[in-house]
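Here the structure comes first, spelled out in structure tokens, and everything after it is commentary.
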């Protein structure tokens, strides 16, 4: 019962899940007093400082996201101890019981001596993908602690001229070649890792692999009109744009600036939408987007530039009540 009351008093993990992109735990916290977790001043300090306690090991140990700027205040006002690296001396935890020792064991498993930095490509054979089976799937293994991946495609072996430089949340990426001219393309991928201290680190690129584009007819020619403006500018589960009988495929770019040089995200779809789970975007932050369409042979120029945001929660719809109720 005490554990349930403590979780209810903090209520932080549940808030995190509904606030958009969940933070990653970067600290282990010891509270000398069992009453501290219920202290309104303590809770206010965490909330104001942007901290989120994600796991509890009652009554005194917690794991969560705690900005380093709070360490001094937590120590000074509550006698709390914050650990950010692997715990070597377990003595400080042993006095708080078995749950505290278990917490240290869980925390220390987060640390590995040499996590792999460069992704390993699962297969050098590019597979067909998409509903129409005309896409090409690039796939690699998931890298430990990767926040997202950076994928580059070029027609130059040294990647001096990039055709695509995109971030992707997933360890697979689908390309629809209808937007590109015939030829051989080189690709490589790198993981961008979130470290336990909260820092972000660019990993090394993988080995370079190739895929070929070869299609007859008008492939690679810009002869279609650009797609129109999406109906909405705020999206929840997916970015959605209007259908058109002219297009079978779409290319979507998102950028933090209107110049798209380069875009943060550059992705393809064989539907008129793209799921938010495949995009490393921050909820509530404004991005610029643009679209390109293809009928499978020719493709259009880029559309105009539109402003958009991804929301963490679906907007509430006003309830309809009958008159007299």
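Residue numbers (my numbering): -1 to 323. Every residue, glycine too, gets a C-beta built ideally from N, C-alpha and C.
Terminal residues of the beta strand (DSSP E) in which residue i lies
| i | result |
| --- | --- |
| residue 63 | 59 to 63 |
| residue 359 | The structure shown has nothing for residue 359, since the chain only spans -1 to 323. |
| residue 182 | 181 to 192 |
| residue 36 | First-last for residue 36: undefined, no H or E at that position. |
| residue 305 | 304 to 308 |
| residue 266 | 263 to 267 |
| residue 274 | From DSSP, residue 274 is part of no beta strand (DSSP E); its letter is neither H nor E. |
| residue 136 | 133 to 137 |
| residue 284 | 284 to 292 |
| residue 201 | 198 to 203 |
| residue 25 | 25 to 28 |
| residue 170 | 170 to 173 |
Beta carbon of residue i nearer than 9 Å to that of residue j
| i | j | result |
| --- | --- | --- |
| residue 105 | residue 26 | yes |
| residue 92 | residue 62 | no |
| residue 67 | residue 47 | yes |
| residue 53 | residue 60 | yes |
| residue 118 | residue 173 | no |
| residue 239 | residue 289 | yes |
| residue 298 | residue 225 | yes |
| residue 177 | residue 246 | no |
| residue 72 | residue 85 | no |
| residue 197 | residue 188 | no |
| residue 116 | residue 204 | yes |
| residue 44 | residue 75 | no |
Contact set for residue i: own chain, Cβ-Cβ below 7 Å, skip 5 residues either direction
| i | result |
| --- | --- |
| residue 284 | 305, 307 |
| residue 244 | 222, 291, 293 |
| residue 55 | 97, 98, 100, 101 |
| residue 32 | 57, 58 |
Neighbourhood of residue i by C-beta, 6 Å cutoff - its chain only, sequence neighbours within 5 removed
| i | result |
| --- | --- |
| residue 216 | For residue 216, the predicted structure reports a pLDDT of 49, less than 50, and the residue's modelled location is therefore unreliable. The matter cannot be settled from this model. |
| residue 206 | 184, 186 |
| residue 264 | 162, 164, 251 |
| residue 208 | 182, 184 |
| residue 200 | 190 |
| residue 271 | 236, 238 |
| residue 301 | 224, 225, 288, 289 |
| residue 77 | 30 |
| residue 10 | Its pLDDT being 42, under 50, residue 10 is placed unreliably in this model, and the value from its coordinates should be taken loosely. Around residue 10: 50, 51. |
| residue 267 | 248 |
| residue 87 | none |
Residues near residue i in its chain [Cβ-Cβ closer than 8 Å; skip 5 each side]
| i | result |
| --- | --- |
| residue 111 | Any reading at residue 111 must be qualified, since the residue scores a pLDDT of 49, below 50, and its modelled position is unreliable; the value itself is stated next. None. |
| residue 155 | 184, 206 |
| residue 160 | 150, 151, 152, 260 |
| residue 286 | 252, 253, 254, 255, 256, 258, 303, 304, 305, 306 |
| residue 65 | 47, 48, 49, 196 |
| residue 90 | 28, 79 |
| residue 170 | 135, 136, 137, 138 |
| residue 2 | Residue placement at residue 2 is flagged as unreliable, the pLDDT there being 39, under the threshold of 50; the coordinate-derived value follows with that caveat. Around residue 2: no qualifying Cβ. |
| residue 274 | 233, 234, 235, 236, 237, 308 |
beta-carbon residue i near the ligand ADP non-hydrogen atom, thresh 8 Å
| i | result |
| --- | --- |
| residue 246 | Absence of the ligand ADP is noted for the structure shown, with no ligands found whatsoever. |
Length at least 4, wholly inside the segment 46 to 112: the alpha helix (DSSP H) runs in chain order: For the segment 46 to 112, whole alpha helix (DSSP H) runs of length 4 or above, ordered along the chain, are 69 to 76, 89 to 92, 96 to 106.
At least 3 beta-carbon pairs within less than 8 Å: the segment 135 to 148 vs the segment 223 to 231: No, the segment 135 to 148 does not touch the segment 223 to 231.
Whole beta strand (DSSP E) elements within the segment 206 to 261, 3-residue minimum: Qualifying beta strand (DSSP E) stretches, in chain order: 207 to 211, 236 to 238, 247 to 253.
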